Amino acid sequence: MRSLLLSGPSGTGKSAFARHLAERLGIEVEAKRASDLVSPFVGETEANIARAFAAAARRGAMLLIDEADSFLYRRDNSLRNWEVSQVNEMLCQTERLESPFVATTNLANHLDPASQCRFTLRVAFRTMTAAQVERLFAARFGMGWPAGEPLPVDQTPGDFAVVASRADLLGEGNPDQLVRWLRDEAEARDGGARGPIGF
């Protein structure tokens with residue numbers, strides 16, 4: 044595996060899958076978020092991107108870049124030369140990989156078309172099916188889904204992780220309250236769309 048693009052809503056397990064894959068391959072992960080690489084100084088973001096790829100190659104590690112849409116957004120929407128330069132640097136680095144590279148994004152439809160052909164594999168993560176929600180609710184909370192409550196199809200494993208942590212902290216075990224919290228997480232995610240980072 045040379046390069047992998049994982050897309051889908053937040054909380055669907057993209058980064059966790061990448062780390063699991065690295066574990067199965069027996070290699071370490073060099074993880075970077077957009078905030079680790081973006082600089083307000085012209086040219087420094089491109090240098091940070093190059094350094095991240097070089098560091099992963101030296102270690103023989105998997106480079107994992109979360110929020111990769113910050114660097115692979117459509118160049119025809121760019122207003123400044125340095126925005127195009129950042130995308131070009133990322134595309135160039137993906138062409139000469141020396142170690143596995145995984146990029147994650149919540150905004151696959153915002154990516155530059157040229158980025159699509161740079162990845163060996165592209166995998167879309169989706170929200171859970173109703174059956175998956177029912178099974179994970181039982182596994183996480185040790186109880187069945189409340190009778191009469193419709194099973195949602197917009198939940199993610201990340202929603203369950205947040206709600207389970209909150210329930211542990213507050214000692215909450217009422218299934219109806221757990222369902223309300225799960226719905227709150229889905230609504231917060233749906234209303235939390237963001238655009239590419241810029242200055």
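The opening position of the sequence shown corresponds to residue 44 in my numbering, with each subsequent residue numbered one higher.
Each residue gets a CB set at the ideal place from its N, CA and C atoms; glycine is no exception.
The structure displayed is predicted, hence computed values, not measured ones.
| Item | Value |
| --- | --- |
| Simplified DSSP assignment, three categories, for M171 | coil |
| Distance, E89 Cα to F168 Cα | 28 Å |
| CA-to-CA distance, G201 to A97, given in whole angstroms | 31 Å |
| Same chain, Cβ closer than 8 Å to I92, five either side skipped, listed in chain order | L80, F114, Q129, E132, M133, Q136 |
| DSSP state of E132 mapped onto helix, strand, coil | helix |
| Given L107 as reference, the closest of I70, V206, E228, P83 once Cα atoms are compared | I70 |
| Own chain partners of N152 with C-beta closer than 7 Å, once the 5 adjacent residues on each side are dropped | none |
| When G51, V145, P52 are compared against A95, the one with the closest alpha-carbon | V145 |
| CB-CB length for E228 against V205, believed under 8 Å | 6 Å |
| Unbroken alpha helix (DSSP H) run spanning F162, endpoints | Element bounds for F162: n/a, residue is neither H nor E. |
| Identified DSSP bridge partners for T147 | L49 |
| Distance between A207 and F184 (C-alpha atoms, nearest Å) | 8 Å |
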